[in-house]
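Participant: Using our numbering, read the sequence shown as starting at 883 and increasing by one per residue.
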Amino acid sequence: MTLEFVDDTSEATWLLTCTTDRTAAEAVLWFGPPTFESYARVLQLPDPQFDRQPESEVADEVIDHMLTDAEVIGRTVAALRSRPDPRQVLFFLLWEGYPYRPALPATSRFDVAGLRVCALAMGALDDWTDWGGMPDGGHERGFAPALVWPADRAWCIAFDVESHFAGVGASSGAISRLLETDGLSAERAAYGVPRRTYG
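This is the structure:
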């Protein structure tokens, strides 16, 4: 199986069914929809000391040892699964603003309330990883998906272009598994738009 781009974006509409305004839609980009029992953050970088702190001020040794986007997504998905299933079908919203080479296919786009326009793809985690990990021949695809969720919508991972963490919504049990996962810096979180981000 390979990553398949989907022209019918109706599978993504559930993400916005509970949004009432722009702020509510923005929160979806940070944590997914507000319908889950529990939420957490998986930090790629430590929280900034003040809002819009330049990312260039983060110590080099921290940058050198941070997880890649693919590692954050891969380890988080593995922790959220109730049982190992490498062929589990996932949906991926891929933000068209990243400099993909080659460009994303010309399929229909899903508009997240005017904030992000994304292509919808589906496949197993390895399909996305293989598709994104093609550095040869001028390919550049290793960008985090804006949102990832399984077909049963048991959980959702949000990883916005402006974020230094992946926001996760899931059941209490799944979040507990996530917090206990080695190799991830994860913590419980309140749902909503963060007060401090890197500039």
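C-beta atoms are modelled at their ideal positions from N, C-alpha and C, and glycine is treated no differently.
Just so you know, these numbers come straight off a predicted model, no measurement behind them.
Taking T958 and V1050 to be in contact with their CB atoms under 8 Å, please state how far apart those CB atoms are, rounded to whole angstroms.
Facilitator: Here residue 958 refers to the residue found at position 76 when the sequence shown is read from its first residue. Here residue 1050 refers to the residue found at position 168 when the sequence shown is read from its first residue. Rounded, the Cβ-Cβ distance is 6 Å, consistent with contact.
Participant: How long is the line joining the alpha carbons of D1008 and G1015, rounded to whole angstroms?
Facilitator: Position 126 of the sequence shown, counted from the start, is the residue given in the question as residue 1008. Position 133 of the sequence shown, counted from the start, is the residue given in the question as residue 1015. Whole-angstrom Cα-Cα distance: 10 Å.
Participant: Taking the alpha carbon of T884 as the point to measure from, which residue in T899, E978, A1071 and F973 has its own alpha carbon closest?
Facilitator: For the purposes of this step, residue 884 is identified with residue 2 of the sequence shown, where counting begins at 1. Answer by Cα proximity: F973.
Participant: On the criterion of 16 or more Cβ atoms from any shown chain inside 10 Å, does R965 qualify as buried, or is it exposed?
Facilitator: Within the sequence shown, the letter at position 83 stands for residue 965. Counting Cβ neighbours within 10 Å, R965 comes out exposed, since fewer than 16 surround it.
Participant: What's the gap between the Cα of G996 and the Cα of P1076?
Facilitator: For the purposes of this step, residue 996 is taken as the residue at position 114 of the sequence shown. For the purposes of this step, residue 1076 is taken as the residue at position 194 of the sequence shown. One C-alpha to the other measures close to 19 Å.
Participant: With DSSP run on the structure shown, which of helix, strand or coil describes S920?
Facilitator: For the purposes of this step, residue 920 is taken as residue 38 along the sequence shown, with counting starting at 1. Note: S920 maps to strand in three-state DSSP.
Participant: Quick one: Cα of W1010 to Cα of W1037, how far?
Facilitator: Start at 1 with the first residue of the sequence shown, and residue 1010 comes out as number 128. Start at 1 with the first residue of the sequence shown, and residue 1037 comes out as number 155. Going from the Cα of W1010 to the Cα of W1037 covers about 18 Å.
Participant: Could you give the uninterrupted runs of the beta strand (DSSP E) lying entirely in the segment 925 to 993, keeping only those of 3 residues or more?
Facilitator: Listed in chain order, they are 972 to 977.
Participant: Return the bridge partner residues of G1005 from the DSSP annotation.
Facilitator: Here residue 1005 refers to the residue found at position 123 of the sequence shown. For G1005, which the question treats as bridged, DSSP gives the partners L972.
Participant: At what residue ranges does the segment 1013 to 1072 contain a whole run of the alpha helix (DSSP H), taking only runs of 4 or more?
Facilitator: List check, alpha helix (DSSP H) in window: 1054 to 1061.
Participant: Applying the criterion that 16 or more other CB atoms from any shown protein chain within 10 Å of the CB defines a buried residue, is V944 buried or exposed?
Facilitator: As a first step, residue 944 is located in the sequence shown; it is residue number 62 there, counting from the start. V944 comes out exposed.
Participant: Where does the unbroken alpha helix (DSSP H) through V910 begin, and where does it stop?
Facilitator: If you number the sequence shown from 1, residue 910 lands on position 28. First-last of the alpha helix (DSSP H) with V910: R904 to F913.
Participant: Beta carbon of A1033, beta carbon of V994: below 8 Å?
Facilitator: Working through the sequence shown from its first residue, we reach residue 1033 at position 151. Working through the sequence shown from its first residue, we reach residue 994 at position 112. No, these two residues do not count as a Cβ contact at 8 Å.
Participant: Please return the same chain residues whose Cβ sits closer than 7 Å to the Cβ of E937, not counting the five positions on each side in sequence.
Facilitator: For the purposes of this step, residue 937 is identified with residue 55 of the sequence shown, where counting begins at 1. Hits under 7 Å: Y1080.
Participant: Is T902 closer than 8 Å to V910 when the C-beta atoms are compared?
Facilitator: Here residue 910 corresponds to residue number 28 of the sequence shown, with the count starting at 1. Here residue 902 corresponds to residue number 20 of the sequence shown, with the count starting at 1. Not closer than 8 Å, so no.
Participant: Comparing C-alpha positions only, which one of Q926, V940 and L925 sits nearest to F932?
Facilitator: Against the sequence shown, residue 932 aligns to sequence position 50. For the residues Q926, V940 and L925, the minimum Cα distance to F932 belongs to V940.
Participant: At the level of alpha carbons, what is the spacing between R998 and W977?
Facilitator: For the purposes of this step, residue 998 is taken as the residue at position 116 of the sequence shown. For the purposes of this step, residue 977 is taken as the residue at position 95 of the sequence shown. Each residue's Cα considered, the two are about 7 Å apart.
Participant: Could you give the residue range of the beta strand (DSSP E) that holds P886?
Facilitator: Your numbering for residue 886 matches position 4 in the sequence shown. The residue asked about is misnamed: residue 886 is Glu in this sequence, not Pro. Per DSSP, E886 belongs to the beta strand (DSSP E) from E886 to V888.
Participant: Residues bridged to C1000 by DSSP?
Facilitator: What you label residue 1000 is simply residue 118 of the sequence shown in a count that begins at 1. DSSP lists W977 and F992 as partners of C1000.
Participant: With distances taken between CB atoms, is the gap from E919 to L1002 smaller than 8 Å?
Facilitator: On the sequence shown, residue 919 is found 37 positions in, with the first residue counted as 1. On the sequence shown, residue 1002 is found 120 positions in, with the first residue counted as 1. Going by C-beta atoms, E919 is not nearer than 8 Å to L1002.
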